[in-house]
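Residue numbers (the numbering used here), protein chains in the order written: chain A, 13 to 212; chain B, 91 to 320.
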Amino acid sequence: MTRLLYLGMLTACVLVFSGCTTSVTVEGTIPTPLVAKIPAKVGIYYSEDFKKFRHEETIRQNGNWEIDMGDQNLLFFRNLMKALFDEANEVGEPSGNMTGVDGLDGILVPEIVKYGFLTPNVSGLKFYSASIHYRLTLYDTNGQKLGEWGVVGYGKSETTLFGKNESLSEATMLAIRDGGARIAIETKSLPVIKSWLEEI
Amino acid sequence: MNKQTKTASILLSILVLAGCASTRVEERRQASTGMGDHEAIVLLGRASYSDRETETSFTECVASALAKGDRPLRLVTQKEFKDQLYPWFEPRTAPTSSKDLGKLFAQPGVQQRILDTHVRYLAWISGDTITTDSGGSFSCTISSFGGGCFGVSYWEEDASYEASIWDVENMTTSGQISADANGTSYLAGVILPIPIIARPGNAACKALANQLREFLQGDPIAADIAADEV
Numbered sequence: 013m014t015r016l017l018y019l020g021m022l023t024a025c026v027l028v029f030s031g032c033t034t035s036v037t038v039e040g041t042i043p044t045p046l047v048a049k050i051p052a053k054v055g056i057y058y059s060e061d062f063k064k065f066r067h068e069e070t071i072r073q074n075g076n077w078e079i080d081m082g083d084q085n086l087l088f089f090r091n092l093m094k095a096l097f098d099e100a101n102e103v104g105e106p107s108g109n110m111t112g113v114d115g116l117d118g119i120l121v122p123e124i125v126k127y128g129f130l131t132p133n134v135s136g137l138k139f140y141s142a143s144i145h146y147r148l149t150l151y152d153t154n155g156q157k158l159g160e161w162g163v164v165g166y167g168k169s170e171t172t173l174f175g176k177n178e179s180l181s182e183a184t185m186l187a188i189r190d191g192g193a194r195i196a197i198e199t200k201s202l203p204v205i206k207s208w209l210e211e212i
Numbered sequence: 091m092n093k094q095t096k097t098a099s100i101l102l103s104i105l106v107l108a109g110c111a112s113t114r115v116e117e118r119r120q121a122s123t124g125m126g127d128h129e130a131i132v133l134l135g136r137a138s139y140s141d142r143e144t145e146t147s148f149t150e151c152v153a154s155a156l157a158k159g160d161r162p163l164r165l166v167t168q169k170e171f172k173d174q175l176y177p178w179f180e181p182r183t184a185p186t187s188s189k190d191l192g193k194l195f196a197q198p199g200v201q202q203r204i205l206d207t208h209v210r211y212l213a214w215i216s217g218d219t220i221t222t223d224s225g226g227s228f229s230c231t232i233s234s235f236g237g238g239c240f241g242v243s244y245w246e247e248d249a250s251y252e253a254s255i256w257d258v259e260n261m262t263t264s265g266q267i268s269a270d271a272n273g274t275s276y277l278a279g280v281i282l283p284i285p286i287i288a289r290p291g292n293a294a295c296k297a298l299a300n301q302l303r304e305f306l307q308g309d310p311i312a313a314d315i316a317a318d319e320v
């Protein structure tokens, strides 16, 4: 009887506390960009923060939120970089004494600077919306910084009656796609990339 | 049928009629159209970063209606098309007029990828459904002695959508079809809640799908006569 009581209390506690937190795991398809490749061999450094990005936020009207980008952001960028450059290999963190960068023309480091989202309660609109501020930094193979630029991806998704998780997941995935689209189309025309390509 | 039953029937009919949506469809053709058996159409919801955009459910409704019936159209899903052509049909990058198709096709691989999907027509769907008016008072109560709902509330919705059809082969705009529907829904409480729901979005979807099918395939009887004459 006591065991049953404990079990009941534990279940009640789990239900009560989990009811206040909305966990969202971002899911979606990973398209391969259809763009002309940039004629360069780059190393890409994905930090652990980038690989396992999570966002936690408490909204007064909507409780606690945990957004886990899971592998989605990483897989998306792996696909994006392979489509964007002649060759894109994963390397370690750029530093003065780098190894494994022979034959590469530079190192590119994508980071997530900021993630934000709005619920319909907060925005007053019919949508969940999400934005991701990416920063991309280009280094030479000696670890010297050549330049950096920012890209903001934005996505929004309709509200469904019982699907706030799915709506925010979709809005976040659309933000990743939007950021990726800008990177795929605009990178080759950036001054820092143009001058880097002239030198390699 | 006694008097009470007659009165109830009339009242119910009036209420059901009041829940109907009225629809108006307009077509503007700019070029002749036709679809081969192997050719497909893709319906794309026009997304923007404003506070209004075409609901995915509406685009799916039109796609579902076009894929059914006696003369189903071959459809490529929006998701599949956007993935195949990524990043060129994202909200920020999608062409805004058929004149932009030339520039888009100049991008490496884009024209071939569209040819591979056999998409002949793009139909851009824009518009949305909004509540234009609402009022009344309706409430439900429950207690240990029982419960019930009392009052009447209503809301009027206006669904306004347009499809702009682009011919991918000729890189031109073939025409536009617009569908507008409006209707008033009621929720009456006579102990039990009685909803009388008008669905203008659904009415606009069906009207737009029927007209779009006619627009692309033409009148089947006229087509048969023409074929016989040839």
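We treat Cβ as the ideally placed atom computed from N, Cα and C, and that holds for glycine.
Cβ distance (whole Å) where B:Thr-144 is taken to contact B:Ile-215 below 8 Å: 5 Å
Beta strand (DSSP E) segment containing B:Gln-266, residue limits: 262-286
Minimum C-alpha distance to B:Thr-221 - residue among B:Gln-120, B:Leu-194, B:Ala-278 and B:Arg-142: B:Arg-142
Bounding residues of the beta strand (DSSP E) (the contiguous stretch that carries B:Cys-239): 236-257
Chain A contacts from the region 167-179 of chain B (Cβ-Cβ distance under 8 Å): Lys-169, Lys-172, Asp-173, Gln-174, Leu-175, Tyr-176, Pro-177 and Trp-178
Under the three-state DSSP convention, the category A:Phe-139 falls into: strand
Residues near B:Ser-188 by beta carbon distance below 7 Å, same chain, minus five either side: Trp-256, Met-261, Thr-262 and Thr-263
Sub-8 Å separation of A:Glu-78 and A:Arg-90 beta-carbons: no
Contact the region 146-161 of chain B vs the region 145-159 of chain A: 3+ CB pairs below 8 Å: no
Members of the region 182-193 of chain A that neighbour chain B once the beta carbon cut-off is set at 9 Å: Leu-186, Arg-189, Asp-190, Gly-192 and Ala-193
Inter-stretch contact (C-beta, 8 Å, three-pair minimum) for the region 173-190 of chain B and the region 227-247 of chain B: no
CA nearest to the CA of B:Gly-279, picked from B:Asp-248, B:Ala-297 and B:Thr-231: B:Thr-231
Same chain only: Cβ atoms within 7 Å of A:Leu-169, ignoring 5 sequence neighbours per side: The question names Leu, but residue 169 of chain A in the sequence shown is Ser. So the list reads Phe-139, Tyr-140, Ser-179, Glu-182, Ala-183 and Leu-186, once near-sequence residues are dropped.
heavy atom of the ligand FAD below 7 Å from A:Asp-61 C-beta: Absence of the ligand FAD from the depicted structure is noted, as is the absence of any ligand whatsoever, leaving it without description.
Other residues of its chain near B:Asp-318: CB distance less than 8 Å, five sequence neighbours each side excluded: Annotation note: pLDDT 49 at B:Asp-318 (below 50); position unreliable, no value reported.
Where the alpha helix (DSSP H) containing B:Thr-146 begins and where it ends: 146-157
Span of the alpha helix (DSSP H) around A:Leu-180: 176-198
Inter-residue spacing [alpha-carbon to alpha-carbon] between B:Leu-134 and A:Pro-45: 19 Å
Whole-angstrom C-beta distance between A:Gly-191 and A:Val-163, which should lie under 8 Å: 5 Å
Same chain, Cβ closer than 6 Å to B:Arg-114, neighbours up to 5 away in sequence not counted: Asp-270
Residue range of the unbroken alpha helix (DSSP H) whose run includes A:Trp-208: 203-211
Buried versus exposed, by CB contacts within 10 Å (16 or more), B:Gly-159: exposed
Pairwise C-alpha distance: A:Ile-119 and B:Val-152: 47 Å
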